[in-house]
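Chains as they are written, first to last, in my numbering: chain A, 25 to 159; chain B, 2 to 953; chain C, 33 to 539.
Structure follows, in structure tokens:
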């Protein structure tokens with residue numbers, strides 16, 4: 025569907041730029057955090073990333089104001105693109121489930137290992153030299 | 002396929018079928034087992050003899066079965082003179098070896114296994130010489146490598162066996178792989194993998210640009226297999242195998258595979274300078290080097306091994322000459338070498354078996370103690386030395402003859418001289434074999450007093466020695482077979498006449514020099530030996546082992562530095578790669594012109610944006626304080642849902658905010674058991690690097706979205722808007738998409754939630770059954786907690802709110818189809834209300850009042866959703882086809898009852914169940930962590946019955 | 033109305049909750065149900081293969097909505113093959129897990145197992161790319177559960193990394209889908225195939241980015257360089273039967289590339305056809321190298337196997353990267369082969385490792401059935417290293433033969449052939465240490481080394497995989513015929529489009 029073109033005003037700052045920059049900031053923050061060395065910041069980072077990607081996905085339907093995709097007898101019949109919204113909803117739910125599992129797993133790993141580093145340092149057993157090749 | 006064809010297939014198949022026999026027959030005793038093993042070989046040999054006459058007439062027997070036509074691989078075999086000769090040798094010697102091994106192997110060796118391996122090898126070897134398809138030939142080629150690996154490693158408890166086996170596999174395996182490349186190239190040149198076609202296309206091949214690569218790769222295969230210098234070193238170490246194996250694989254058959262291949266490919270590859278200089282030179286060098294080393298080996302089998310290397314070199318050289326006469330000589334020497342060398346190996350085996358040593362320096366004077374063995378060994382050795390009236394002499398003469406008129410880079414003498422030298426050395430070590438083992442005085446220090454073995458053990462070598470003499474006296478007997486074989490190699494029509502006396506030729510003089518020189522050389526062996534030992538010389542095995550060790554170490558270092566478990570680096574690489582590759586894809590094309598006017602920015606959004614940016618930045622900088630970070634995350638979530646609300650996405654806003662709440666709650670509860678602060682451990686450079694990566698990713702994604710937000714395209718969603726009401730029976734298009742147009746997505750989505758619940762529960766149980774439980778019990782909280790964890794005020798409020806919340810949930814659920822809302826949000830709202838209950842009143846109290854168990858709730862939810870979908874099958878409609886009708890219950894606005902709502906109910910229950918199950922798991926951990934419940938009358942002690950409820 | 037097509041999804045999806053929520057405290061009941069369900073799945077899969085053999089592209093319109101507006105399931109030879117592969121593997125692995133009682137070492141094994149199957153089958157059958165995402169998530173979250181099944185420190189830490197890596201992957205997937213929808217306005221694979229060619233070649237930046245991002249997403253699943261790092265740690269620490277089941281998970285990634293980047297993005301689509309190979313071709317070659325080095329350098333058995341899996345994925349994807357019918361046929365044959373070879377190795381490793389103290393590659397007193405295990409390992413190694421007589425050799429030859437363009441020969445052939453040499457040597461060293469050298473050690477009197485004998489039921493699944501590999505070699509021609517037909521159908525984009533969208537498309 026071709027989305028309605030709303031009259032342009034106040035070109036200095038535009039909604040699209042606002043949203044794009046918000047996505048950029050969220051993504052950058054998220055990426056920075058998932059590169060940390062402890063599980064908790066990584067969880068936060070993934071949360072930020074899921075925000076970012078949700079807005080991104082949402083924005084793929086282009087932006088529209090006062091055109092919520094709820095059919096009304098009075099509206100002018102133009103609505104914002106509902107499909108990306110549905111996709112985002114699905115994405116939100118899935119990432120919620122994933123986050124929950126991740127949190128529990130992080131907790132479990134912490135309790136088992138008594139530390140919450142996310143990088144695995146090879147245990148000394150593995151350091152034990154394997155067989156002498158000449159045997 | 003002709004009758005002969007079927008016979009040929011049977012021959013090729015027989016050893017593999019037979020390989021099953023020994024394993025079973027071994028239970029029937031060792032002799033029975035040996036006989037059982039001999040039977041298939043004998044049968045195959047008989048069938049071969051049935052086919053032989055035809056082949057001797059120059060016919061060619063062919064048989065073909067389709068295997069993998071797409072590849073041009075077919076199970077096709079053919080039998081020509083060359084194939085006949087080799088097949089005969091393989092099967093004939095096979096029989097002798099079977100007999101010999103019966104007496105050689107001791108009682109504690111697993112004989113059944115041995116014979117099985119032996120037959121597998123025999124089948125593979127037979128396959129090589131009968132294949133009419135080079136890919137099939139490759140199959141058998143690799144099989145010989147594998148079976149020889151098993152046979153060399155037969156005494157698996159001996160390190161020499163294991164190392165020798167691995168070395169052989171590595172070297173011949175490498176050659177085999179190179180050969181795969183070569184053969185495929187050959188096939189590409191000719192356009193067929195059929196050997197007979199390829200042999201026709203010699204000129205085409207030699208003219209092709211790919212000739213050299215093909216030649217080199219194929220020769221690599223041949224040289225490694227036939228132990229040509231510098232790949233010869235594996236063969237002596239293969240002597241760790243039982244002597245029957247050495248005699249069979251490593252002198253008579255397998256090591257000849259390389260020679261066979263060069264003979265087979267002769268019409269296709271030979272006849273160029275490249276061929277001559279590579280093959281002939283390698284052969285010449287190998288012949289001399291092998292013979293020289295052999296002279297100084299004290300281990301009988303090592304001596305024979307290097308002499309084998311030397312003779313393989315001789316054969317290679319002859320084929321390298323590329324003349325027809327040389328080919329004849331090669332074929333004839335193949336036969337002769339087989340007879341005397343196999344006999345010699347068996348003799349060495351007997352000596353070893355009887356004296357319990359193979360060290361020449363500890364032997365000598367055996368002729369008195371074991372005359373028969375002495376006789377056999379001597380005749381064979383003299384033949385190897387090239388003494389007249391023995392077959393070795395005849396073929397050696399022919400070799401020297403060819404060498405005598407071969408130029409090498411214009412020099413007439415080089416080849417003859419080295420050929421003579423080779424012959425001389427060969428004579429020397431042959432004499433040494435006789436003199437130092439059998440002649441001389443009887444010693445009294447043998448590890449074990451020897452005597453001649455039982456007939457069964459010397460029968461095989463004796464038979465071979467008879468052949469040595471017969472062929473030696475009457476070479477013309479071999480005319481026929483040599484002729485057909487040689488013709489098969491050269492493709493010409495030759496009629497060689499093998500005879501002892503060629504008159505006084507240069508070859509004769511060379512031969513005389515060689516023999517006398519050999520004798521002289523032996524007489525001064527002792528001093529030479531001392532010099533040899535004194536000389537520094539490279540030990541191939543040491544070099545090989547160090548090479549392998551170094552490669553392994555390198556592999557290990559690379560692997561373990563790249564895969565070091567540092568996921569933060571994996572993620573960094575992942576991000577960089579994504580940004581970089583996306584940029585490549587992006588920059589190699591362009592964008593269409595912008596088509597959209599951009600929207601204005603109202604103040605509220607600007608403020609929301611500011612909040613969001615500030616919050617995000619502060620999270621990044623303050624994430625070390627985990628609680629603060631969580632709060633900030635909440636702020637971000639809120640501002641995002643505000644944005645959704647403003648940008649015409651009420652459902653998103655609603656969902657976002659409720660998910661936000663639940664997520665934060667769960668995170669808070671989890672954080673409760675984890676460190677409250679993240680240590681500052683990243684060095685500055687790391688932060689900088691990550692900052693750059695993050696910035697790049699942010700810019701990329703932001704730019705991407707900006708790029709498409711400025712452009713319009715037609716999307717499929719107009720259909721959804723048009724059909725939402727009529728087709729889906731709902732005015733909230735988003736919800737209709739979720740439960741109807743794309744209900745299948747939602748179905749998957751709730752299953753994800755259900756699984757999440759399961760995983761978390763299972764994980765919790767695994768934790769509490771493990772060591773974690775103990776640690777939890779010792780949890781000491783590193784921060785002071787409120788003494789009153791269930792403040793009265795909150796308790797009251799939440800309990801009042803509870804019914805309202807549930808009512809709201811129901812309302813949201815019902816209106817979902819037409820107004821923002823729906824099962825998911827409703828589920829979350831109710832879940833939140835329950836969460837509040839938990840926080841206020843403690844888990845047990847809530848638990849007591851909760852009727853349905855969470856597992857069941859999730860299960861029911863998923864099943865209901867599934868059944869709703871499947872229900873439409875009854876009406877012969879696809880999964881998830883919806884139907885609806887309108888009803889009106891005051892005071893709620895009119896809403897319709899759609900099957901989609903039943904589906905939505907499934908969603909509702911799954912969500913509620915999943916969230917509560919997660920919560921329940923957390924609370925279980927909490928109770929292990931010793932969280933007591935305060936004693937206010939309002940609260941219950943969440944005793945065992947809490948779990949009972951939960952797990953009922 | 034052909035409801036068969038959706039059974040591979042609905043069947044486990046219905047069974048799993050019942051197992052997980054009704055039978056969760058009765059392992060026997062759960063086993064029976066799970067086995068029965070998997071058996072039925074196998075029957076259905078066979079039925080679907082027969083159905084697909086007619087060469088038609090069968091479309092199942094969910095919710096009775098027309099494509100591209102609703103979600104459709106598409107059954108063609110390829111998806112039928114993948115579903116069948118899944119079902120066979122699942123049954124074998126399940127038998128092993130039950131016989132070795134792995135399933136009883138933690139909660140909800142069977143429920144998660146069934147959900148896993150649902151996710152995999154769903155991913156193979158869907159004709160909608162967002163729905164592909166959803167089912168990726170289903171199979172992933174189920175795999176998280178299976179990966180950490182029965183817990184333990186190393187496993188949880190490795191599991192955590194596995195989850196984080198895949199969450200990052202899923203995020204990228206959504207970015208890719210957003211870009212894709214924004215630049216094409218559709219989500220249906222066939223509709224994409226219809227719309228993308230309409231995009232002017234010089235204005236295709238956005239869709240090209242989408243295509244590239246999707247390749248990376250799928251590459252994460254398929255363990256392709258530079259996103260393969262997660263695999264060794266995960267497979268080496270997962271319960272061995274689960275690792276065996278994961279043999280099909282890497283193939284999901286490969287399948288997605290084959291499907292999406294053949295049908296939607298080309299070949300033949302000027303604006304995007306080159307994107308696939310940009311990453312795939314060089315990365316696959318490097319992946320082969322990584323696998324080879326890892327096998328030769330491994331200190332432990334499980335990582336050794338895991339790296340051999342990486343190498344095999346490289347071989348598979350280098351064939352895919354050619355996007356030619358010939359190479360794709362080779363790739364598919366190799367795909368089937370490597371699935372069972374991988375499973376075989378992990379199942380066997382489970383039998384061996386659980387009978388010695390850990391999987392460190394050093395000699396220990398032999399197990400009771402040392403000879404048997406040695407023989408099985410020999411066969412499995414042969415298969416994985418691509419030696420005759422098992423299917424690996426033929427698969428390798430097919431791939432090499434298909435990639436005969438003079439430009440690629442030096443790289444691809446060298447990588448594959450040298451790679452196999454490293455693999456052969458690596459397996460030979462490991463095997464001779466584990467099974468040969470151990471016989472040199474005498475069993476201590478205290479009977480420490482006297483290990484539990486593996487029952488026939490425990491060994492049968494491993495043997496079954498080897499039998500399959502052998503059959504795959506013997507009937508290579510027959511299999512290749514089906515695969516050839518599969519490839520032809522796959523490359524007939526017009527046919528796919530018209531079948532799915534129900535409209536006549538010329539050319």
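Using N, Cα and C, we set each Cβ at its ideal position, and we do this for glycine too.
Positions along the segment 104-116 of chain A whose CB lies within less than 7 Å of some CB in chain C | Here the close residues are 108, 111, 114 and 115.
Compute the beta-carbon to beta-carbon distance between residue 478/B and residue 467/B, rounded to the nearest angstrom, for a pair I have assumed lies under 8 Å.
-> Their Cβ separation, rounded to whole angstroms, is 12 Å, which puts residue 478/B and residue 467/B out of contact at 8 Å.
Interface positions of the segment 61-78 of chain A facing chain B (Cβ-Cβ less than 9 Å), listed along the chain | 61, 62, 63, 64, 65, 66, 67, 68, 69, 71, 72, 75, 76, 77 and 78
Just the chain C side, please: which residues come within less than 7 Å of residue 566/B by C-beta, in chain order?
-> 265
Chain C contact residues for residue 189/B, given Cβ-Cβ distances below 8 Å = 436
Is the distance from the Cβ of residue 339/B to the Cβ of residue 57/B below 8 Å?
-> no
Got a sec: is the Cβ-Cβ distance from residue 169/C to anything in chain B below 8 Å?
-> yes
Could you tell me whether the segment 205-214 of chain B touches the segment 409-424 of chain B, using the rule of 3 or more Cβ pairs below 8 Å?
-> no
Per DSSP, cross-strand counterpart(s) of residue 409/B | 412/B
List the residues of chain C whose Cβ lies closer than 8 Å to the Cβ of residue 880/B, in chain order.
-> Going along chain C in sequence order, the residues near residue 880/B (Cβ under 8 Å) are 35, 38, 42, 92, 94 and 95.
Same chain, Cβ closer than 7 Å to residue 903/B, neighbours up to 5 away in sequence not counted | 865 and 869
Does any C-beta atom of chain B lie closer than 8 Å to the C-beta of residue 301/C?
-> no
Are the CB atoms of residue 239/C and residue 218/C nearer to each other than 8 Å?
-> The criterion of a C-beta distance shorter than 8 Å is not satisfied by residue 239/C and residue 218/C.
Using three-state DSSP, classify residue 776/B as helix, strand or coil.
-> Here residue 776/B sits in helix by DSSP.
Reduced DSSP secondary structure (H/G/I, E/B, other) of residue 93/C | In this structure, residue 93/C counts as strand in the three-state DSSP scheme.
Tell me whether residue 249/B sits in a helix, a strand or coil according to DSSP, three-state version.
-> The answer is helix: DSSP assigns residue 249/B an H, G or I state.
Taking 7 Å as the line, does the beta carbon of residue 507/B fall inside it for any heavy atom of the ligand SAM?
-> Within the structure as shown, the ligand SAM is missing, as the structure has no ligands at all.
Just grab the DSSP bridge partners of residue 873/B for me.
-> Paired residue(s): none; residue 873/B is not in a bridge.
Quick one: is residue 691/B near chain A, going by C-beta distance under 8 Å?
-> yes
Three-state secondary structure assigned by DSSP to residue 178/B | helix
List the residues of chain C whose Cβ lies closer than 9 Å to the Cβ of residue 125/A, in chain order.
-> Residues of chain C whose Cβ lies closer than 9 Å to the Cβ of residue 125/A are, in chain order, 173, 176, 177 and 195.
Is it true that the CB of residue 462/B sits closer than 8 Å to the CB of residue 955/B?
-> Because residue 955/B is not part of the residues shown, which for chain B are 2 to 953, the question remains open.
Best match in 741/B, 665/B and 549/B for proximity to residue 724/B [C-alpha to C-alpha] | 741/B
Taking Cβ-Cβ distances shorter than 9 Å, what residues in chain C pair up with residue 620/B?
-> The contacting residues do not exist; residue 620/B stays about 17 Å from chain C at best.
7 Å CB neighbourhood of residue 913/B in its chain, flanking five on each side removed = 828, 831, 832 and 858
Min CB distance residue 40/A to chain C below 8 Å = no
Compare the C-beta of residue 85/C with all C-beta atoms of chain A and state if any pair is closer than 8 Å.
-> no
Excluding sequence positions up to five away, which residues of its chain have a Cβ less than 6 Å from the Cβ of residue 442/B?
-> 366
Check the Cβ-Cβ distances between residue 784/B and every residue of chain A, and say whether any is below 8 Å.
-> Because the pLDDT at residue 784/B is just 49, under 50, the model does not fix this residue reliably, and the point stays unresolved.
C-beta contact flag for residue 766/B and residue 139/C at 8 Å = yes
From residue 788/B to residue 655/B, what does the alpha carbon distance come to, in whole angstroms?
-> Reliability of the predicted coordinates at residue 788/B is poor, the pLDDT of 48 falling under 50, and no value is obtained from them.
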